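In what follows, a single structure is set out as structure tokens and then discussed.
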Amino acid sequence: MSQTTYCGGCACGAVRYEATGTPVAELHCQCRHCQMRSGTGHSSYLVFAGVDSVRVTGRLQGWSVAGDSGNEKTHAFCPTCGTPVLLTFVAAPTITAIHPASLDAPERFHPTLVAYGSRALGWDRHDPALTVLAKGPPA
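All residue numbers for the sequence shown refer to numbering that gives the first Met the number 0, where the first residue is 0 and numbers rise by one.
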């Protein structure tokens, strides 16, 4: 049985990744930190589980911050062009979230939920068919 592969990378091509398997979640996050980091009303993610589910080539640079949950997350980006590429989580080291716009085929992103909907900005509206969680997804 073959696995599904998602390929992508940064804008300048210095960083590439390959994610295998089926995402465990595809979501928009409206927490204040994601709003500030993205410069819009939310950030979007495909979330993969497993130690080797996402393989990266090229050099990433990262910075860490405590999320709304209080848990530390590390944002990794290309140090050449600044493109956000992925997130990892100290409390869940086998989870990696990638930014869908960095996919070679971003149309493969199909969000099913919105996290931290309680923080939504009035001008950032999503498909009403999406499940909206007041806070983050359950662990």
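Idealized CB from N, CA, C, for every residue including glycine.
Keep in mind that this is a model prediction, so the values were computed, not measured.
Reference Val84; option with closest CA among Gly69, His74, Ala91: Against the sequence shown, residue 84 aligns to sequence position 85. If we check each option's Cα against that of Val84, His74 comes out closest.
Cβ-based burial, Gly116 [other Cβ within 10 Å; buried from 16]: In the sequence shown, counting from the first residue as 1, residue 116 sits at position 117. Answer is buried; the Cβ neighbour count reaches 16.
Own chain, CB closer than 7 Å to Thr21, minus 5 neighbours either side, in chain order: Translated into positions along the sequence shown, residue 21 becomes position 22. If we look at Thr21 and ignore the five residues flanking it on each side, its Cβ neighbours are Thr3.
Of the residues Thr95, Cys33, Ser43, Pro99, the one placed nearest Gly7, counting alpha carbons only: Reading the sequence shown from its first residue, position 8 is the one you call residue 7. Closest by alpha carbon: Pro99.
His27 in three-state terms, based on DSSP: The residue labelled residue 27 in the question sits at position 28 within the sequence shown. Three-state DSSP puts His27 in a strand.
Option in Phe88, Arg58, Arg118 with minimal Cα separation from Cys33: In the sequence shown, residue 33 corresponds to position 34, counting from 1. Residue Arg118 holds the alpha-carbon nearest to the alpha-carbon of Cys33 among Phe88, Arg58, Arg118.
From Thr93, Phe88, His125, Ser42, residue whose alpha carbon lies closest to that of Trp62: Here residue 62 is taken as the residue at index 63 of the sequence shown, counted from 1. When the alpha-carbon of Trp62 is set against those of Thr93, Phe88, His125, Ser42, the nearest one is in Phe88.
Under the three-state DSSP convention, the category Ser172 falls into: The requested residue 172 is not part of the displayed model; the chain covers only 0 to 138.
Alpha-carbon to alpha-carbon, Trp122 and Ala18: By one-based count along the sequence shown, residue 18 stands at place 19. By one-based count along the sequence shown, residue 122 stands at place 123. Rounded to whole angstroms, Ala18 to Trp122 spans 32 Å at the Cα level.
Contact under 9 Å by Cβ, Ser37 with Gly135: For this step, residue 37 is matched to residue 38 along the sequence shown. For this step, residue 135 is matched to residue 136 along the sequence shown. No, Cβ-Cβ distance for Ser37 and Gly135 is not below 9 Å.
Beta-ladder partner(s) of Arg54, from DSSP: Start at 1 with the first residue of the sequence shown, and residue 54 comes out as number 55. Paired residue(s): Glu17.
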